[in-house]
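S.K.:
Residue numbers (our numbering), protein chains in the order written: chain A, 1 to 113; chain B, 1001 to 1117.
This is the structure:
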């Protein structure tokens, strides 16, 4: 059974710092890996999707990498801003799970002004 | 463009009562999903549907019932609510999968916070 973990569970940084969020998964047989953002009291918004054949994806100040062989992904946020404060969830879509994702528990990020 | 909506946004009920959470999407996406989110567990899949009249169990289906008579609606019913079903419930939708493409994502509603007393 695929399991997804995220480290750290919570992170607090001053504005302007570069930071890295980590995601690990136990089974490398995946279609893709996705990073979501969740704001308090709201749903999830997709940030970056990396297909299994890709190594990384970039969007603005965000860069996500994927190493399937080691079962790891990182989300790099450059020059963090208070507006980046949210919970970040990692999710994988396993081969044997149809259209469904398996989610990690998330990392709660606070960027202090 | 409303996208995907959930109602009610907040619900308080008592143990043993039946509760129905509604989900509506305006994109005509084939796939729809129900998740629950609990502290320490992340999101866990309850049920999903590949099309109208086609539903299947996810990771934690016990105590829940779903139906999908129309593509745009996917209600989730707790037949006899229990305290362990206190949670935040998210509905999501996704367009028809490109089987080998792996490019599709899921679009989430704002969630329903359910408290079972």
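Even for Gly, the Cβ is constructed at its ideal location relative to N, Cα and C.
It should be emphasised that the depicted structure is a prediction, and the values quoted were computed from it without experimental measurement.
Starting from the C-beta of residue 1010 of chain B, find all residues in its chain whose C-beta is less than 6 Å away, skip the five residues before and the five after it, and write them out in chain order.
M.R.: By 1-based counting over the second chain, the position of residue 1010 of chain B is 10. Cβ neighbours of residue 1010 of chain B beyond the five flanking positions: 1113.
S.K.: Going straight from the alpha carbon of residue 1025 of chain B to that of residue 1004 of chain B, what length do you get?
M.R.: One-based indexing of the second chain puts residue 1025 of chain B at position 25. One-based indexing of the second chain puts residue 1004 of chain B at position 4. Near 4 Å, if we compare the C-alpha coordinates of residue 1004 of chain B and residue 1025 of chain B.
S.K.: Mind pulling the beta strand (DSSP E) runs of 3 or more residues that sit fully within the stretch 1035 to 1117 of chain B?
M.R.: 1042 to 1051, 1054 to 1057, 1064 to 1066, 1076 to 1078, 1087 to 1094, 1112 to 1116
S.K.: Under 9 Å between beta-carbons, which chain B residues line up against residue 42 of chain A? List them in chain order, please.
M.R.: Along the first chain, one-based indexing puts residue 42 of chain A at 42. Simply 1108, 1110, 1111.
S.K.: Taking 7 Å as the limit between beta carbons, can you name the residues of its chain near residue 111 of chain A, skipping five residues before and five after?
M.R.: Here residue 111 of chain A refers to the residue found at position 111 when the first chain is read from its first residue. Counting only Cβ-Cβ distances below 7 Å, and skipping sequence neighbours, we find 13, 15, 80, 81, 82, 84, 85.
S.K.: Going by other Cβ atoms of all chains shown within 10 Å of its Cβ, with 16 needed for buried, is residue 61 of chain A buried or exposed?
M.R.: What you label residue 61 of chain A is simply residue 61 of the first chain in a count that begins at 1. Residue 61 of chain A should be labelled exposed.
S.K.: Can you tell me where the beta strand (DSSP E) with residue 36 of chain A in it begins and where it stops?
M.R.: Along the first chain, one-based indexing puts residue 36 of chain A at 36. Element bounds for residue 36 of chain A: 30 to 38.
S.K.: Taking 9 Å as the threshold (beta carbon to beta carbon), is residue 25 of chain A in contact with chain B?
M.R.: Taking the first residue of the first chain as 1, we reach residue 25 of chain A at position 25. By this cut-off, residue 25 of chain A is not an interface position.
S.K.: From residue 1054 of chain B to residue 1070 of chain B, what distance separates their C-alpha atoms?
M.R.: The residue given as residue 1054 of chain B occupies position 54 in the second chain. The residue given as residue 1070 of chain B occupies position 70 in the second chain. Going by the C-alpha atoms only, they are around 11 Å apart.
S.K.: What would DSSP say about residue 82 of chain A, mapped onto helix, strand or coil?
M.R.: What you label residue 82 of chain A is simply residue 82 of the first chain in a count that begins at 1. Of the three classes helix, strand and coil, the one that applies to residue 82 of chain A here is helix, per DSSP.
S.K.: What residues in the stretch 1060 to 1077 of chain B bring their beta carbon closer than 8 Å to a beta carbon of chain A?
M.R.: none
S.K.: DSSP state of residue 96 of chain A, grouped into three classes?
M.R.: Your numbering for residue 96 of chain A matches position 96 in the first chain. Residue 96 of chain A falls in the helix class under three-state DSSP.
S.K.: I need the straight-line Cα distance from residue 1068 of chain B to residue 32 of chain A, nearest angstrom please.
M.R.: Taking the first residue of the second chain as 1, we reach residue 1068 of chain B at position 68. Taking the first residue of the first chain as 1, we reach residue 32 of chain A at position 32. Their backbone Cα atoms lie some 27 Å apart in a straight line.
S.K.: Can you tell which of A/109, A/35, A/42 has the C-alpha that lies nearest to the C-alpha of residue 59 of chain A?
M.R.: What you label residue 59 of chain A is simply residue 59 of the first chain in a count that begins at 1. Here the closest residue by C-alpha is A/35.
S.K.: Can you have a look at residue 95 of chain A and say buried or exposed, based on whether 16 or more other CB atoms are within 10 angstroms of its CB?
M.R.: By 1-based counting over the first chain, the position of residue 95 of chain A is 95. Residue 95 of chain A should be labelled exposed.
S.K.: In terms of residues, what are the limits of the beta strand (DSSP E) holding residue 1124 of chain B?
M.R.: Outside the displayed span of chain B (1001 to 1117) sits residue 1124 of chain B, for which this structure offers no information.
S.K.: Does residue 86 of chain A have its Cβ less than 9 Å from a Cβ in chain B?
M.R.: Along the first chain, one-based indexing puts residue 86 of chain A at 86. Chain B, which has no Cβ nearer than 9 Å to the Cβ of residue 86 of chain A, makes this no.
S.K.: Mind checking who residue 61 of chain A pairs with in its DSSP beta bridge?
M.R.: Numbered from 1 along the first chain, position 61 holds the residue referred to as residue 61 of chain A. None, per the DSSP bridge assignment.
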